[in-house]
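Protein chains in written order, with the numbering used here: chain F, 1 to 367; chain X, 1001 to 1227. In this text, a Cβ means the ideal position worked out from N, Cα and C, and glycines have one as well. These notes are about the structure you will find just below.
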Amino acid sequence: MARRNLTRTKMRSLLASLGIVIGVVAIASLGMFGVALQYSFTQNLGNVGNQLTVYPNSGENVTELTERDIRTIRREASATATVSPVKTRVEPVSYNREDEVRETIYGVENPEELYEAKEGRVSPFRSGALVGSSVAEAHDLHPGSQITVNGTSVRIRAVLEEGDAFSPTNPDNRVIVPATSFSQRGYSEVYVMESTGTQANETAMGIRDSLNNREDRVFVQELGSLVDTIEEQFQIINTVLAGIASISLLVAGISILNVMLMSTVERREEIGVLRAVGYQKRDVLKVMLMEATLLGFLGGIAGVILSIGAGLAINHYAVGDAMAVFRLPNAWYVGAAFSFGVLTSIVSGLYPAWKAASEEPVDALRG
Amino acid sequence: MTVIDAQGLVKRYRTGGQTLYALAGIDFALEAGEFVSIMGPSGSGKTTLLNILGLLDTPTEGTVLLEGQDVTGLGDSKRTALRKRTIGFVFQHFYLLPTLTAVENVEVPLLLDSGPQVKKRARTLLERLGLGERLDHKPDELSGGQKQRVAIARSLINSPKVVLADEPTGNLDSETGRQILDEFRRIADEDDVAIVAVTHDDLVNEYVDRTVHLVDGTIGRERKNGG
Ligand SMILES: Nc1ncnc2c1ncn2[C@@H]1O[C@H](COP(=O)(O)OP(=O)(O)OP(=O)(O)O)[C@@H](O)[C@H]1O
Ligand SMILES: [Mg+2]
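Here it is, written out as structure tokens:
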């Protein structure tokens, strides 16, 4: 019966559920938008949260880290961590006989700990050079190409896989040579890779405690806490987005309230007849609430379908993978939007239904 | 057997400072199978009386016995349940649900606990009332007389003891009116259902057992029909 009543006032029911549709789509797609943003950001961050970098504190006239410092760091790091000391120096480099430019050259002992090869092989690494993908692309370098570093010709061993955008170890713009080719003894930075962000944090504190107990010898940079802060920010952004979307649901609720109120006024006599022929108040209430629920359901389902469409588009552009829409947090948002839609229409159907049910049939039929 | 026995019915309305007596002390009894008409000028309390007899309304004073049971003080849900069991209503404006077909409209009173028997009974009733060809038509595809017959079928679906009709022929031409009154007469005789019809229409009096005249909320002269 509820279904029939709705088809009678097709246009108005359509408008009312359109409100719900828009509300649901707004909540779901804004939610998914937030998730996609967060996802693409963490994708770029990669394992940054698990990494920390130790630099000598030049402010305290410490220009390099000694072998002893490295041993201390290894001791502070957990057993599963990789500790990669790196040397740097600035030297004139020439690619493909072009003009020489001054570049920072990185000296790494075990590059396989940090990098993977896109072309060629990373280890063993006793001579030659590794180049990052951006450098390789800019100068058309491949394994076997020759570059000149400080006047000596060096063979490219490998082009490295792209790194995480924000990582301090990102090799994309680097030229890496074996650490053994450096005459200097000290290291200019040390990368420590832990398996979790919390572990990285603990290690960072341990390193600070043991190396900075007298003077601030080193500067420990860790991004874990930064990552946490950023994720909290995203949480806030998502909540705000959901809040904005709820306003549209509120509007939808009001429009359903309106539809139901009008329909109770219009069907006053009909409802009076139902009461006269033996429908209890709660029966009328049920029929009216059924209508509201049906409106909410139809609107909700249409909304979910549209949201998934919108989600495909959002994820296609933001994450570059449309299928990413079928991830758990998105399902959560879509589900929440759907239930909010249905709930809104039930709640806004409640008052008109109650009003219709509680009118005395005598009054309704006197009309 | 007395189906309805109402004693000393008073219905007062307090509007503004005045008190208005819609009913001012009425005794009314109704036997099974009796067809009674209530006549009287507008505002004399006909609808009010009918509503009280039909448990739609409660009297300010007086008692109503339905099949010997005192129903005067019952609450809304009990009265609603009794209406569903023992009373059928026919309204002047038919009040059919426009989205439902004729059969479905007849089923409405029992729709919430409907089964195959209800549907069958609805069909039988409509066929008996000569609407066998119109079972699946919507109300806007039916004439006034056909609509009223659907309404009568609806009032009979719950096998009531009493059918209450407020101006059942008010919206019909006299020819159609006669057909409807024939149906009422037949129902009263064949099914032993008591029928009360409020009317302005003298035509009705040819069909009823007796006519009750209401004037200003009191019963005027009562005329018994010979037949
Ligand atoms: N809810 C109410 N509040 C106040 N007065 C009412 C109410 N219902 C009915 N009345 C009054 O009670 C009196 C009887 O009304 P009722 O409807 O029974 O008349 P009626 O005989 O059916 O008239 P009609 O032939 O015009 O239908 C009228 O004067 C009416 O104004
Ligand atoms: Mg009246």
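For this session: List the endpoints of the continuous beta strand (DSSP E) containing residue 51/F.
Result: Counting along the chain, the beta strand (DSSP E) containing residue 51/F begins and ends at 51 to 56.
For this session: Leaving aside the five residues before and after residue 321/F along the sequence, list all residues of the same chain whose C-beta is less than 7 Å from its C-beta, in chain order.
Result: Counting only Cβ-Cβ distances below 7 Å, and skipping sequence neighbours, we find 315.
For this session: Only counting runs of 4 or more residues, tell me where the alpha helix (DSSP H) segments fall wholly within the stretch 56 to 107 of chain F, in order along the chain.
Result: If only complete runs of 4 or more residues are kept, the stretch 56 to 107 of chain F shows the alpha helix (DSSP H) at 67 to 76, in order along the chain.
For this session: Can you give me the start and stop residues for the alpha helix (DSSP H) that residue 1011/X sits inside?
Result: Note, residue 1011/X: premise wrong, no alpha helix (DSSP H); beta strand (DSSP E) at 1002 to 1015.
Problem set entry | From 53/F, 148/F, 42/F, 19/F, residue whose alpha carbon lies closest to that of residue 164/F | Residue 42/F is the option with its Cα nearest to residue 164/F.
Exercise. Beta carbon of residue 1098/X: closer than 8 Å to some heavy atom of ligand 1?
Worked result: The nearest non-hydrogen atom of ligand 1 is 8 Å or more from the C-beta of residue 1098/X.
Exercise. Can you name the residues of chain F whose CB is closer than 9 Å to the CB of residue 1108/X?
Worked result: Contact annotation for residue 1108/X against chain F: 1, 273, 274, 277, 279 [CB-CB distance below 9 Å, chain order].
For this session: Indicate whether at least one CB of chain F lies closer than 9 Å to the CB of residue 1006/X.
Result: Chain F contact via Cβ: absent.
Problem set entry | Cutoff 8 Å; reference residue 363/F; Cβ partners in own chain excluding five residues on either side | Taken in chain order, the residues that qualify are 272.
For this session: Would you tell me roughly how many angstroms separate the C-alpha atoms of residue 1068/X and residue 1006/X, rounded to the nearest one?
Result: Computed Cα separation, rounded: 10 Å.
Problem set entry | Any non-hydrogen atom of ligand 1 closer than 8 Å to residue 304/F Cβ | The answer is no for residue 304/F.
Exercise. Near residue 1094/X, which residues of its chain fall below 7 Å by C-beta distance, leaving aside the five closest residues on each side in sequence?
Worked result: Beyond the five residues adjoining it in sequence on each side, residue 1094/X comes within less than 7 Å, by CB distance, of 1147, 1148, 1151 in the same chain, given in chain order.
Exercise. Would you say residue 1171/X reaches chain F, if we count a Cβ-Cβ gap shorter than 9 Å as a contact?
Worked result: Look at residue 1171/X: its C-beta is not under 9 Å from any C-beta on chain F.
Problem set entry | Identity of the residues DSSP links to residue 1070/X by a beta bridge | Among the bridge pairs identified by DSSP, residue 1070/X is matched with 1065/X.
Problem set entry | Assigned exposure category for residue 141/F - 16 Cβ within 10 Å defines buried | Classification of residue 141/F: buried, given that the 10 Å Cβ count is 16 or more.
For this session: Could you tell me if residue 333/F is buried or exposed, where buried requires 16 or more neighbouring beta carbons within 10 angstroms of its beta carbon?
Result: Residue 333/F is buried by the Cβ-count criterion.
Exercise. Should residue 1167/X be counted as a contact of ligand 2 given a C-beta to heavy atom distance under 8 Å?
Worked result: Yes, the Cβ of residue 1167/X comes within 8 Å of a heavy atom of ligand 2.
Exercise. Quick one: is residue 323/F buried, meaning 16 or more other Cβ sit within 10 Å of its Cβ, or exposed?
Worked result: It is exposed - the Cβ of residue 323/F has fewer than 16 other Cβ atoms within 10 Å.
Exercise. By DSSP, does residue 184/F sit in helix, in strand, or in coil?
Worked result: Three-state DSSP puts residue 184/F in coil, outside helix and strand.
Exercise. Does the Cβ of residue 58/F have 16 or more other Cβ atoms within 10 Å, making it buried, or fewer, making it exposed?
Worked result: Residue 58/F is exposed by the Cβ-count criterion.
For this session: Determine the burial state of residue 1019/X: buried for a count of at least 16 other Cβ atoms within 10 Å of its Cβ, exposed for fewer.
Result: Counting Cβ neighbours within 10 Å, residue 1019/X comes out exposed, since fewer than 16 surround it.
For this session: Compute every distance between the C-beta of residue 1217/X and the non-hydrogen atoms of ligand 1, then say whether any falls below 8 Å.
Result: Answer for residue 1217/X: yes, Cβ within range of ligand 1.
For this session: Flag this pair as touching only if the stretch 1071 to 1088 of chain X and the stretch 270 to 286 of chain F have three or more C-beta atom pairs under 8 Å; answer yes or no.
Result: Output reads yes: the stretch 270 to 286 of chain F touches the stretch 1071 to 1088 of chain X.
For this session: Reducing DSSP to helix, strand and coil, say where residue 1157/X ends up.
Result: Coil, per DSSP.
Problem set entry | Backbone CA spacing between residue 1212/X and residue 1183/X [nearest angstrom] | Rounded to whole angstroms, residue 1212/X to residue 1183/X spans 21 Å at the Cα level.
Exercise. Considering residue 1162/X, what are the terminal residues of the beta strand (DSSP E) in which it resides?
Worked result: Per DSSP, residue 1162/X is one residue of the beta strand (DSSP E) stretching across 1162 to 1166.
For this session: Report the rounded CA-to-CA distance for residue 1227/X versus residue 1022/X, giving the unit in angstroms.
Result: Bear in mind that the predicted position of residue 1227/X carries a pLDDT of just 45, short of 50, making it too unreliable to give a figure here.
Exercise. What separation, rounded to the nearest whole angstrom, lies between the Cα atoms of residue 353/F and residue 269/F?
Worked result: Rounded to whole angstroms, residue 353/F to residue 269/F spans 14 Å at the Cα level.
Exercise. Counting pairs of beta carbons, one from the stretch 154 to 168 of chain F and one from the stretch 123 to 141 of chain F, are three or more of them closer than 8 Å?
Worked result: They touch, by the three-pair rule.
Exercise. Residue 216/F: buried (16+ other C-beta within 10 angstroms of its C-beta) or exposed?
Worked result: The residue in question, residue 216/F, is exposed, as its Cβ has fewer than 16 Cβ neighbours within 10 Å.
Problem set entry | Partners in chain F for residue 1019/X, counting only beta-carbon separations shorter than 8 Å | In chain order: nothing, as chain F lies at least about 19 Å away.
Exercise. Sorted by chain position, which residues of the same chain lie with C-beta nearer than 8 Å to residue 1092/X's C-beta, five sequence neighbours on each side aside?
Worked result: If the five residues before and after residue 1092/X are omitted, its C-beta is found closer than 8 Å to the C-beta atoms of 1166, 1167, 1168, 1170, 1171, all from its own chain and listed in chain order.
Problem set entry | Proximity test, residue 1062/X beta-carbon vs ligand 1 heavy atom, cut-off 8 Å | Remark: the C-beta of residue 1062/X is outside contact range of ligand 1, defined as less than 8 Å to any heavy atom.
Exercise. Taking the alpha carbon of residue 1215/X as the point to measure from, which residue in 1164/X, 1054/X, 1041/X has its own alpha carbon closest?
Worked result: Answer by Cα proximity: 1041/X.
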